[in-house]
Every structure is written in C-alpha cells, then in structure tokens.
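Report on one structure; see the data block that follows.
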Amino acid sequence: MTLSVYTHARCLDHDPGSDHPESPARLAAVLDALGDPRHESIERIEAPRALREQLARVHRSGMIDMILTQAPQSGFHRLDADTVMSPGSAEAALRAAGAVCAAVDAAIAGTRRRAFCAVRPPGHHATPSAPMGFCLFNSVAVGAAHALVQHGLARVAIVDFDVHHGNGTQDIFWNDARVLYASSHQSPLYPGTGSRSETGAGNIVNAPLPPGSGSGAFREAYETIVLPALDAFAPQLVMISAGFDAHRLDPLASLQLTGDDYAWVTARLVELAERHALGRIVSSLEGGYSLEGLRESTLAHVDALSA
Ligand SMILES: [Zn+2]
25 MTLSVYTHAR
35 CLDHDPGSDH
45 PESPARLAAV
55 LDALGDPRHE
65 SIERIEAPRA
75 LREQLARVHR
85 SGMIDMILTQ
95 APQSGFHRLD
105 ADTVMSPGSA
115 EAALRAAGAV
125 CAAVDAAIAG
135 TRRRAFCAVR
145 PPGHHATPSA
155 PMGFCLFNSV
165 AVGAAHALVQ
175 HGLARVAIVD
185 FDVHHGNGTQ
195 DIFWNDARVL
205 YASSHQSPLY
215 PGTGSRSETG
225 AGNIVNAPLP
235 PGSGSGAFRE
245 AYETIVLPAL
255 DAFAPQLVMI
265 SAGFDAHRLD
275 PLASLQLTGD
285 DYAWVTARLV
295 ELAERHALGR
305 IVSSLEGGYS
315 LEGLRESTLA
325 HVDALSA
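Numbering (my numbering) for the sequence shown: 25 to 331.
Now the structure itself:
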C-alpha cells in the first residue's frame, strides 16, 4: 500500500534551545529514516499551513493570537517551564497542524488513505486554551475536528501511544462522543493525568502503564483495553498520535518498548482501519527524544503503515 508522508522544511525551524530535548535533530532523524531505500515508493507532500478556522475548532481565539504574535524576532520566548518559541515556531506549528488536515482531506477523499505526518512541534499536550509540554497547536485534535466538521464524519478514533498522556486531546474531546480518545502511557509521569477513571462521555479510554513496563504489558493493554474499545466504536477514520518516547532508549521515560512493538501496534491499527474505516489512517509524530530510538521506531511504524 502506498504511504503518503506530509512534511515541511519549516518544521525544522522551531528551535526551543540547544539544551531542549525537543530539537530539530529529532525531525531530521525521522526524515533520515524515511530516506531508507526500502521506502522509495513513499509519496512526499509539502504540508500547507493550517487555516485559522481549522485551529479555532479546538483552540480559543486568544491562544491562537498568542502563538501567532508572540514568536520573538530573535532568541527565545518562554511560554512555560517546558515550552519555548523561537522566530520559526509559529510557522512550524501552522505547518504541523496543516499537514494533519491535508492528510485527513486526502484520506477521506480516498486518494491517499494512509498517511504519516513527519512534523514538529508535537501537539497532544496543547489544551483548548494553552500551549504546554513542548506543544503549541494540538495538530491531531485539529485534524480530528476537521474530519468531523468539514467532512461530516460521525466517529473518529485517536490512538495515542506516546509515553506521556495526551491531556490536551483528552480535554478537547472530553464531552464529544464523536471522538474516541484512547491512550497508553507511563504513569506516574508528566503531565499526571490519564487514569483509568477518566472516561469523559464514555469516549475516553486510558491505559496507564507503570514505569519499567515492557512489550508484554504494552501489548496486553492494547489487546484487553484499547483494541476492544476501538472495535466497539467502529471508527470511520483512525488517527494516531505517534510518539516514540516509550522506546527503551528514550531519556525522558522508562517504558521498555522496541521497534517491534511499534510495528506490532501499528499493524493492529492498520487492521482496525481496514475493518471499520475504509483503510483510512492518519498518523502524526508526537514525542520521542532518543535519535536512535526515533530512527528505529519510525522505520518500524512506516513499514507497518506501508504493508
Ligand atoms: Zn511524549
């Protein structure tokens, strides 16, 4: 199956500082992995900018204004302890959210049913009203809202296997039963949300994993919690918040996953999309802070998305 990759060179221009783990080198490592000869058939598409009306479906107007106007002319502007803007940050964030919307458009049109958005900054911590946790706009949430509003879908699933809980995505869709948000994540860990008891309107499914959990616990959580909920929901579009910071090499967390685990979970989600969603699956990069772990995980993820 042909895989489309949405990316933009401006996503390399968001620079939170040389000592920050969310570095441009992360995206360079992902793009390097996508350059592997076995991925010659991948179609590369330049991501457009997200439109304000697309962002405004999930973010308050004041937050959008802040991100679009507060990037510094030079140096850095610190939004919170973890989240920093540089001169290129707003453009990178617009391209990241725009990539996901364009991928949703093409998946629903049936022209490009499988997509991976190789973009940064990540998005899943960004709430309706605030950037946080390295995230500016919540790109996957913007894409899901685009599928609901622009295309009239009734059921969109977001599966988030980043090692951190996607508190922003959960907040955005807390009362919206058209979206099933399912997350596996290390707990305890930043941002501290994501317990099993957080269920929204019955549309939030959290599978917290204790530090040190490895392949067995991860796969069991999908087989017993996440995948059954997704099958019961029968999504018309499957979206993935693809963070690779649960990899065993990652410096920010201590789940012990390998490339094989990312291949396995991606293959299960492709099967789910084929079963319920006409094969429509849109994945977007979230975290992942070991460059070697990112390369291995991206290859495994993209191989499974292309199979
Ligand atoms: Zn993360």
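Cβ atoms here follow ideal geometry from the backbone N, Cα and C, with glycine treated the same way.
Per DSSP, Tyr205 is not a residue of any alpha helix (DSSP H); the beta strand (DSSP E) it occupies stretches across Val203 to Gln210. In this structure, the alpha-carbon of Pro40 lies about 26 Å from that of Arg68. Given a length threshold of 3 residues, each whole run of the beta strand (DSSP E) inside the stretch 38 to 99 is given here in chain order: 67 to 70.
By the beta-carbon neighbour count (other beta carbons within 10 angstroms, threshold 16), Thr193 is buried. Gln94 counts as exposed, since fewer than 16 other beta carbons sit within 10 angstroms of its beta carbon.
With 16 or more neighbouring CB atoms inside 10 Å of its own CB, Val187 falls in the buried class. The alpha-carbon of Ala328 is positioned some 31 Å away from that of Met156.
Short of 6 Å from the beta carbon of Gly311, and not among the five residues preceding or following it, lie these beta carbons of its own chain, in chain order: Pro146, Asp186, Gly267 and Asp269.
In the pairwise beta carbon analysis, the stretch 167 to 178 is classified as touching the stretch 258 to 266: at least three pairs are separated by under 8 Å. Comparing alpha carbon positions, the residue from Pro72, Gln97 and Glu77 closest to Ile88 is Glu77. When distances are taken from the beta-carbon of Pro146 to the heavy atoms of ligand 1, the shortest one is below 8 Å. Only residues of its own chain outside the window of five on either side were considered, and among them Val82, Thr193 and Ile196 have a CB closer than 6 Å to the CB of Ala165, listed in chain order.
The straight-line gap separating the alpha-carbon atoms of Gly218 and Leu233 is approximately 10 Å.
Ranking Gly317, Leu251 and Val326 by CA distance to the CA of Ala53 puts Gly317 first.
In this structure the stretch 33 to 50 touches the stretch 107 to 120; the number of beta carbon pairs closer than 8 Å is three or more. Ligand 1 has a heavy atom closer than 8 Å to the beta-carbon of His188.
Assigned with DSSP and collapsed to three states, Arg138 falls in strand.
For Ala80, same chain residues with a beta-carbon under 8 Å away, outside a window of 5 residues either side, are Ile88 in chain order. In the pairwise beta carbon analysis, the stretch 231 to 248 is classified as not touching the stretch 134 to 146: fewer than three pairs are separated by under 8 Å. If you draw a 10 Å sphere on the C-beta of Glu70, you find fewer than 16 other C-beta atoms in it, and that means exposed.
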